[in-house]
Amino acid sequence: LMTNQSIYSRLTVSSTGYIQRHTWIPPSYGWSQFWSIPTDSCDLYGGCGPYGYCDTNTSPICNCIRGFDPRNPHEWKLRVGSGGCVRRTQLSCGGDGFTRLRKIKLPDTTSVMVDRSISTKACEKRCLKDCNCTAFANADIIKGGSGCVIWTEEL
Numbered sequence: 007l008m009t010n011q012s013i014y015s016r017l018t019v020s021s022t023g024y025i026q027r028h029t030w031i032p033p034s035y036g037w038s039q040f041w042s043i044p045t046d047s048c049d050l051y052g053g054c055g056p057y058g059y060c061d062t063n064t065s066p067i068c069n070c071i072r073g074f075d076p077r078n079p080h081e082w083k084l085r086v087g088s089g090g091c092v093r094r095t096q097l098s099c100g101g102d103g104f105t106r107l108r109k110i111k112l113p114d115t116t117s118v119m120v121d122r123s124i125s126t127k128a129c130e131k132r133c134l135k136d137c138n139c140t141a142f143a144n145a146d147i148i149k150g151g152s153g154c155v156i157w158t159e160e161l
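Here the working numbering runs 6 ahead of the position in the sequence shown, where the first position is 1.
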């Protein structure tokens with residue numbers, strides 16, 4: 007529905023994946039960027055690769071989860087973190103634990119197990135029993151952290 011026919015707008019996708027909306031400014035006869043997404047480098051999906059996370063308050067912005075190191079340290083020095091991170095030691099089923107990460111975006115959820123009926127503590131126990139489990143999270147943080155999401159593949 008267009009309510010003001012004198013305002014022109016265009017939506018573009020750049021070669022780097024940015025979606026931008028521009029509006030035409032008649033007095034200047036030019037396009038002005040109205041908004042753009044992603045808004046910062048951490049909005050790029052998978053930008054820090056497997057077992058990496060992005061934090062705009064650190065330099066470089068890509069970091070490895072505790073217990074992991076950059077897969078390609080040379081690339082990380084060049085601020086290219088997309089190769090991700092690798093474990094320092096082999097996974098020891100039954101002898102490993104978890105590192106809590108707060109305020110991060112969840113990894114890909116195409117191959118996860120979800121159980122909304124169990125608590126976070128029960129979720130952790132279930133994950134610890136499964137030697138293929140790589141991570142777990144609350145399924146619904148808005149309602150007090152109930153439910154369970156379990157990953158069994160590379161994060």
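The C-beta atom is built at its ideal place from N, Cα and C for all residues, glycine as well.
In the three-state scheme derived from DSSP, where H, G and I count as helix and E and B as strand, Leu17 is classed as strand. Spanning the alpha carbons of Cys137 and Thr95 requires a straight line of approximately 15 Å.
Under a 10 Å Cβ-count criterion, Ile147 is classified as exposed, with fewer than 16 other Cβ atoms of the shown protein chains found around its own Cβ. Around the CB of Ile43, fewer than 16 other CB atoms lie within 10 Å, so the residue is classed as exposed. Counting only unbroken stretches of 3 or more residues, the beta strand (DSSP E) elements lying wholly within the stretch 38-83 are 58-60, 68-70 and 74-76, in sequence order. Between Cys154 and Asp121, the C-beta gap is smaller than 9 Å, which places the two residues in contact. Cα atoms of Asp61 and Cys68: separation of roughly 6 Å, rounded to the nearest angstrom. In this structure, the alpha-carbon of Gly58 lies about 14 Å from that of Ser65. In the three-state reduction of the DSSP assignment, Ala143 falls in the strand class, which pools E and B. Between Glu130 and Phe142, the C-beta gap is smaller than 9 Å, which places the two residues in contact. By the neighbour-count criterion, in which a residue is buried when 16 or more other Cβ atoms sit within 10 angstroms of its Cβ, Pro79 is exposed. The beta carbon of Ile13 lies closer than 8 Å to those of Thr29 and Trp30 in the same chain, with the five residues before and after it left out. Gln26 has its alpha-carbon roughly 38 Å from the corresponding atom of Arg93. Taking a contact as a CB-CB distance under 8 Å, the pair Gly53 and Ser47 counts as one, their CB atoms being some 7 Å apart.
Per DSSP, the beta-bridge partners of Asp121 are Cys154. Secondary-structure assignment with DSSP links Arg27 through a beta bridge to Leu17 and Trp41.
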